[in-house]
Structures are given as C-alpha cells and as structure tokens.
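Engineer:
Number of protein chains: 2
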Amino acid sequence: MSDQALETVSEISALRKLVASRRQQGATIGFVPTMGALHAGHTSLIEAADADCDFVVVSIYVNPTQFGPDEDFERYPRVLEQDLAKCAAAGANLVWTPDTSIMYPDGYSTDVTVKALSRILEGATRTNHFQGVTTIVTKLLLSCLPDIAYFGAKDFQQQAIIRRMCLDLNIPVEINTCPIIRDTDGLALSSRNAYLSAEEREAGLSLSRALRLAEEKVAAGETDIAQIKAAMQQLLNATPLLKLDYATIADPTTLEDISTVQSEMVALIAARVGTTRLIDNCQLAPAATEKT
Amino acid sequence: MSDQALETVSEISALRKLVASRRQQGATIGFVPTMGALHAGHTSLIEAADADCDFVVVSIYVNPTQFGPDEDFERYPRVLEQDLAKCAAAGANLVWTPDTSIMYPDGYSTDVTVKALSRILEGATRTNHFQGVTTIVTKLLLSCLPDIAYFGAKDFQQQAIIRRMCLDLNIPVEINTCPIIRDTDGLALSSRNAYLSAEEREAGLSLSRALRLAEEKVAAGETDIAQIKAAMQQLLNATPLLKLDYATIADPTTLEDISTVQSEMVALIAARVGTTRLIDNCQLAPAATEKT
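For the protein sequence lines, the chains are A and B, in the order given. Anchor point for the first sequence: position 198 equals 198 in the working numbering, and the numbering is continuous, going up by one each time. With the second sequence counted from 1, adding 1000 to any position gets you the working numbering.
1. Is residue 108 of chain A close to chain B, meaning its C-beta is less than 8 Å from at least one C-beta of that chain?
2. Just confirm the distance between the C-beta atoms of residue 1175 of chain B and residue 1162 of chain B, as a whole number of angstroms; I'd bet it's less than 8 Å.
3. Can you pull the chain A neighbours of residue 1139 of chain B, defined as C-beta to C-beta under 7 Å?
4. For a contact meaning CB atoms closer than 9 Å, what does residue 243 of chain A contact in chain B?
5. Taking the straight line between their C-alpha atoms, what separation do you get for residue 192 of chain A and residue 276 of chain A?
6. With 16 as the cutoff for other CB atoms within 10 Å, does residue 100 of chain A come out buried or exposed?
7. Less than 8 Å between CB atoms is the rule here; does residue 229 of chain A satisfy it with respect to chain B?
8. At a CB-CB cut-off below 7 Å, which residues of chain A make contact with residue 1062 of chain B?
9. Buried or exposed: which applies to residue 47 of chain A, given that a residue is buried once 16 or more other Cβ atoms fall within 10 Å of its Cβ?
10. Under a CB-based cut-off of 8 Å, is residue 1071 of chain B close to chain A?
11. Is it the case that the region 98 to 118 of chain A contacts the region 1105 to 1114 of chain B, given that we only count it when at least three CB pairs across the two stretches are under 8 Å?
12. Per DSSP, which residues does residue 151 of chain A bridge with? Please list them.
13. Helix, strand or coil: how does DSSP classify residue 1122 of chain B here?
14. Under 8 Å between C-beta atoms, does residue 1036 of chain B make it to chain A?
15. Could you tell me whether the Cβ atoms of residue 234 of chain A and residue 264 of chain A are closer together than 8 Å?
16. Alpha carbons only, please: which of B:1207, B:1105, B:1133 is nearest the one belonging to residue 165 of chain A?
17. So that I know if they touch, is there some Cβ in chain B lying closer than 8 Å to that of residue 143 of chain A?
18. Give a yes or no on whether 8 Å exceeds the smallest Cβ distance from residue 1165 of chain B to chain A.
19. Could you tell me how far apart the beta carbons of residue 1269 of chain B and residue 1247 of chain B are, in whole angstroms, since I believe they sit closer than 8 Å?
20. Name the chain A residues that come within less than 8 Å of residue 1012 of chain B, Cβ to Cβ?
21. Are residue 1058 of chain B and residue 1009 of chain B touching if we call contact CB-CB under 8 Å?
22. Under 7 Å, CB to CB, which of the residues in the region 1115 to 1128 of chain B have a partner in chain A?
23. For chain B, is any of its Cβ atoms less than 8 Å away from the one on residue 113 of chain A?
24. Suppose the cutoff is 7 Å on Cβ atoms and the five residues either side in sequence are ignored; what does the same chain contact list for residue 1210 of chain B look like?
25. With the cut-off set at 8 Å, would you say residue 187 of chain A and residue 204 of chain A are in Cβ contact?
26. Give the range of the alpha helix (DSSP H) segment to which residue 52 of chain A is assigned.
27. Could you spell out the range, first to last residue, of the beta strand (DSSP E) harbouring residue 261 of chain A?
28. Consider the Cβ of residue 11 of chain A: report whether some Cβ of chain C lies at a distance smaller than 8 Å.
29. Specify the secondary structure class of residue 1206 of chain B as computed by DSSP and reduced to three states.
30. I'd like the span of the alpha helix (DSSP H) that includes residue 1221 of chain B, first residue to last.
31. Which whole runs of the beta strand (DSSP E) in the region 50 to 91 of chain A are 3 residues long or more, in chain order?
32. Using the beta-carbon count (16 or more within 10 Å), is residue 122 of chain A buried or exposed?
33. Compute the minimum distance between the beta carbon of residue 1231 of chain B and the heavy atoms of the ligand FMN, and state whether it is under 7 Å.
34. Under 8 Å between the Cβ atoms of residue 1041 of chain B and residue 1154 of chain B?
35. Please identify the residue among A:80, A:267, A:56, A:274 whose C-alpha is closest to the C-alpha of residue 202 of chain A.
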C-alpha cells in the first residue's frame, strides 16, 4: 500500500527512470496494462497489484494493431481524466500513457506471434488480433520491466497466450491472472458493455447464465462434455438478438477442446449481440476435485 | 578486465542468479551470443566486452531454428573444450551453454519476426533464417539481461535486424557492432571457412577483393553506384568455382539498395563456393566524407 500522489509519464525513458529508482530502493514493481475506459475489472487488478507490490504502474494505451479493420478502434471509449481518478483511488503510483509515435515509431517492423494458441477461438474470427496483443504486451512489459504483471481472467485466451509468450521468450516477469468481475446481473464487466442497448444487455446475460448451467452440471457430476456443451449452446441459441460464435470446454493451458472430463477445464463463450462482441468464461472442476 | 576463473552454467535460473548478483555489486554486464566454433572474430567480441564491461557472459548454442532443412545444422562444428579455453583467454567470466530442452521446451510456440529486413538479401534465399535468429536472440538477451550485447559486422544484415528488433520491442540493451576480423589473405573469418578446400578458399578471396575494389572506386571519387556494383559483380563472376548470389550497395540501416551515393553506404556480397555459402561486406564513405 502506498499513499503517494499519482504521477503520469508518456516517454519510455521517463517510465524506466522512475521504475529503476524505485527498484533500487528495494521496491517490487507491479504492472497493469490497460486500454483505458477503466471499470471495476481493471481497478480490481490495480488493487491486487497494490496489495502485492510496493510500486504500481498502470499503462493506458489503445493499441491500434490489435483491432481489425472492421472493429471499434475509432469509437473505443477514451476517458483519460476519469481513468486517472480511478487509478489513484485503486492504489496506482504511476500512470504511463504512451502514444503511437512512441510505441510504433517510423520504420517499426517487428511482430511477436504465439502461433497455435492465436489461431483458435477468438483468433479464428479476429485475424491478427492476438499478434497485435502479444507484440504490444511484449513492448509494454519490456518498457516497464515489472516483477509482476496483472491480467483479467475475462480475456482468458489472452492471458493464456501471454503466459505462453513470457515463458517462450524468457520475459522476466510473473503473470498474475485475477478473477472476472461481474455486474450484479451477472454480466462480465467490459469496456464494450457501454455499446449495449437495454435489450442487448438482457441478451448478453445469456453468456453468464450458460456458464452457470455448465458449472451446475459439472458440480452435479455430469461427465459427458458433449452434453454440457450442447446445453450451453441450446441456451445461447434460444436467446433473441444473440448470435453465438462458440461455446466450448477446453484445457486451460493449451485451449484445445476436450471431450472427457479432466481436473482443470475452462468453459469459453463468444457471441455477438447487435454489433457488439461479448466473451465470457469460467473454470470448471469436476465434482470430486476441489475447485482452484 | 577481470582475472577470475571462468564459470559455466546451462540453466537460465543459474545464469540469471549470477548476473543479478554481479549487477547488484554494481557491475556492468557484457554479453556475446555465439554458436561456438569460436575464431578470432568471436574472441574480438569477447575482448571488446571485457574492455567495456565488468562481467562478460558468452553463450554457446547452435540454434536449430535458424538453419534451413538443407543447411549445415548437423555438421556445424561443435568444439566446446576449445571454445571454453578461448573464452577464458579472451576475458569471459561466464559461459552459458543451454541446450534445446531449455531453449525450446515442450509446447514452445512463439516467434519474433522483423518483417521487411528479413525478406531481402540473405533472407531471400534463406527462408525463416532471420526469424530463427531474432527469436533466439530475443530469448538469449532476455535470459541474460546484459547492459551491452556484442555482434560482429561480418553478419551485417543480422546486426541491422537485431538493432531494429531491440528498438521495436524495447529490449533494454545497447547493441555494439564490432569490426570484421580477416585472415592475412583477406578472407573474413567464419566458422564455415573450415568447410573450404584450398581451391575453394582461393575462390572465396574474391569476396574481399571485390569489396576492396568498391572501396577504391569510392575513394577515387566514383559516384556511379551502378558502375561500382557492376565492377564487383564482374570480378566475382569471373572467379572459377564461385557462384554469385548478390553483390550490392545498400543503406546500412534499411538495407535497401541505393542508386546514388550517400554519406553512409554498405557493400554486401554473398556467394556460394562449392557447397559453402560465404558472405562479406564493408562500409563505404564517399571521398568527400570522413569514413566512420
């Protein structure tokens, strides 16, 4: 916990200087990379970092390379003043706000790609999305050089890919994945929920309902994975306004579909409601095993 | 300069522990990544690191992913005992010898790619070579976390790509490119020279002769780049046993061919002599400009 005033920097050199100075004083450095438009999901990550670490850096940067040409880069919410207030309240010490001239200077030419994991699930429809994510996250991590970086479980595939990438490239950081934060109606928090009309929001609740259904079935001893998937899909396909992309059960590390019950499993759903793409997930543990 | 005994490690955790301990004592860390089979070119890099830095790490690892399927990975020379003696004599403090189970563990899935620079020159014939190089160099740099890493100018395109990659990914290291070391007959040192017969070696001397010709023409005030290239190519094409791949003059940063004289230029040659591929280069400065 720290009660110092919130600082902000844009340049990487200024960020590094402040982080190095704190590290030299023995501080552990926590890092929460964000695209801004912060909600309670983000602030829970900042609070987790503040609980673990002496100095907490939050980055706010809407990374163009992870948006497809038909996606919402232009209209993605940008509310820096509100974000800074939320960072301060949640315990951040430093907010880093690079711009695109800093992150992708003239002549920029390098990609980081996590092959297998990036082509499935979200990657099957969002071409190049994860390459954009892995490249910017490498850059953010190597600019800040934190001890621990915090990601939300809501973007489950993203955190799995980032874990694989950090392991593969020997990026010297620990990855901490924090639980999904939900509104009282069950909708997983997302900056994109702001796009939903009241009817669309009601439709969006089917994602968390389908996940609860899967949890209940597994808790009740159901071991037929195909049956659990079919139940989720039936609930989702019966929802007006909702167009299901996938509802599946996978291994939490490889993200490969599974056909038989195993000790760790994750149920993953993606659907479009109107023009808004929603995702949600939950980890599942068979009845005999203690849930982690 | 240090006169401590040479240590060797294989595991990344052991490497990091030793480097972190020296850094904590205030040491600057120099790093020379190699594939072993060390010659005076490599030892000049170790000596340069020893002159600049308090603690010098040399890695020896023959990286399979930068060899093509028809290239010489299997027969690439592996002479660890000799290499260790040369490292000690040149001033190395620590030799890191990871193996493939450490560098590419089960499930490994990540590539680093520097797009434009990797497709031209060497990259035009050696598909995926530079992706293998940039991926392993990222891993080596992030495992060791040196202050300065040393590369030879003989692999000119490689050092240009690595500079671009470190800049693009914000890898916190300074890249130091050291001059080509040549045998007395002018042949640029390379571990692959061991493959050459006496006749092939004589043919290989045409590379450095062609570069000297280009230097002489530029020094004499020749400003017609096409004419200089043609002279190099004529000399090389007239050499028995030698099959020219390219002989060109390029911008040292972008590696794009140039057609008019500029203050910094590099002449680059690649040729096959028998089954051995040879490369060489030299920087050129027009007569009016002081050569850097």
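Here a beta-carbon is modelled for each residue, glycine too, at the ideal position from N, C-alpha and C.
Structural biologist: Here's the rundown:
1. Counted from its first residue, the first sequence places residue 108 of chain A at position 108. Cβ-Cβ to chain B under 8 Å: yes for residue 108 of chain A.
2. To locate residue 1175 of chain B, count along the second sequence from 1; it is residue 175. To locate residue 1162 of chain B, count along the second sequence from 1; it is residue 162. Right, their Cβ atoms sit about 6 Å apart.
3. For this step, residue 1139 of chain B is matched to residue 139 along the second sequence. Within 7 Å Cβ-Cβ: 169, 170.
4. Taking the first sequence and counting its residues from 1, the one referred to as residue 243 of chain A is at position 243. Going along chain B, no residue has its Cβ under 9 Å from residue 243 of chain A, so there is no contact; the nearest lies around 30 Å.
5. Within the first sequence, the letter at position 192 stands for residue 192 of chain A. Within the first sequence, the letter at position 276 stands for residue 276 of chain A. The straight-line gap from Cα to Cα measures roughly 7 Å.
6. Mapped onto the first sequence, residue 100 of chain A falls at position 100. The residue is exposed, with fewer than 16 neighbouring Cβ atoms inside 10 Å.
7. Working through the first sequence from its first residue, we reach residue 229 of chain A at position 229. Taking Cβ atoms only, chain B never reaches closer than 8 Å to residue 229 of chain A, which makes this a no.
8. The residue given as residue 1062 of chain B occupies position 62 in the second sequence. Here the premise fails: no neighbours, minimum Cβ distance about 18 Å.
9. Translated into the one-based positions of the first sequence, residue 47 of chain A becomes position 47. With 16 or more other Cβ atoms within 10 Å, it is buried.
10. Taking the first residue of the second sequence as position 1, residue 1071 of chain B is located at position 71. So no, residue 1071 of chain B is outside the interface.
11. yes
12. Within the first sequence, residue 151 of chain A is the residue found at index 151, counting from 1. Paired residue(s): A:177.
13. Along the second sequence, read from residue 1 onward, the residue named residue 1122 of chain B stands at position 122. Looking at residue 1122 of chain B - three-state DSSP - the assignment turns out to be helix.
14. As a working mapping, residue 1036 of chain B is identified with position 36 in the second sequence. No, its Cβ sits nowhere closer than 8 Å to a Cβ of chain A.
15. Position 234 of the first sequence holds residue 234 of chain A. Position 264 of the first sequence holds residue 264 of chain A. Going by C-beta atoms, residue 234 of chain A is not nearer than 8 Å to residue 264 of chain A.
16. Reading the first sequence from its first residue, position 165 is the one you call residue 165 of chain A. Minimum Cα distance to residue 165 of chain A is reached at B:1105.
17. Position 143 of the first sequence holds residue 143 of chain A. At least one chain B Cβ lies under 8 Å of residue 143 of chain A.
18. Counting from one through the second sequence, the residue named residue 1165 of chain B turns up at place 165. Yes, its Cβ sits closer than 8 Å to a Cβ of chain A.
19. Indexing the second sequence from 1 puts residue 1269 of chain B at position 269. Indexing the second sequence from 1 puts residue 1247 of chain B at position 247. So it is a contact: roughly 5 Å between Cβ atoms.
20. Within the second sequence, numbered from 1, the residue matching residue 1012 of chain B stands at position 12. The contacting residues are 170.
21. If you number the second sequence from 1, residue 1058 of chain B lands on position 58. If you number the second sequence from 1, residue 1009 of chain B lands on position 9. No, the Cβ-Cβ distance between residue 1058 of chain B and residue 1009 of chain B is not below 8 Å.
22. 1115, 1116, 1117
23. Position 113 of the first sequence, counted from the start, is the residue given in the question as residue 113 of chain A. So yes, residue 113 of chain A belongs to the interface.
24. Numbered from its first residue, the second sequence carries residue 1210 of chain B at position 210. Same-chain partners within the cutoff: 1232, 1235, 1236, 1247, 1269.
25. Locating residue 187 of chain A in the first sequence gives position 187, where the first residue counts as 1. Locating residue 204 of chain A in the first sequence gives position 204, where the first residue counts as 1. Going by C-beta atoms, residue 187 of chain A is nearer than 8 Å to residue 204 of chain A.
26. The residue you call residue 52 of chain A lines up with position 52 of the first sequence. It spans 40 to 52 - the alpha helix (DSSP H) in which residue 52 of chain A sits, taken as one unbroken run.
27. Along the first sequence, read from residue 1 onward, the residue named residue 261 of chain A stands at position 261. Careful: residue 261 of chain A lies outside any beta strand (DSSP E) and carries neither H nor E.
28. Although the question refers to chain C, the structure presented lacks it and instead comprises the protein chains A and B.
29. Within the second sequence, numbered from 1, the residue matching residue 1206 of chain B stands at position 206. Of the three classes helix, strand and coil, the one that applies to residue 1206 of chain B here is helix, per DSSP.
30. One-based indexing of the second sequence puts residue 1221 of chain B at position 221. Careful: residue 1221 of chain B lies outside any alpha helix (DSSP H) and carries neither H nor E.
31. 55 to 60
32. Start at 1 with the first residue of the first sequence, and residue 122 of chain A comes out as number 122. That one is buried.
33. Only the bare structure without any ligand can be found here, which leaves the ligand FMN out of the picture.
34. Numbered from its first residue, the second sequence carries residue 1041 of chain B at position 41. Numbered from its first residue, the second sequence carries residue 1154 of chain B at position 154. Cβ distance < 8 Å, so residue 1041 of chain B and residue 1154 of chain B count as in contact.
35. The sequence position of residue 202 of chain A within the first sequence is 202, counting from 1. Nearest C-alpha to residue 202 of chain A: A:274.
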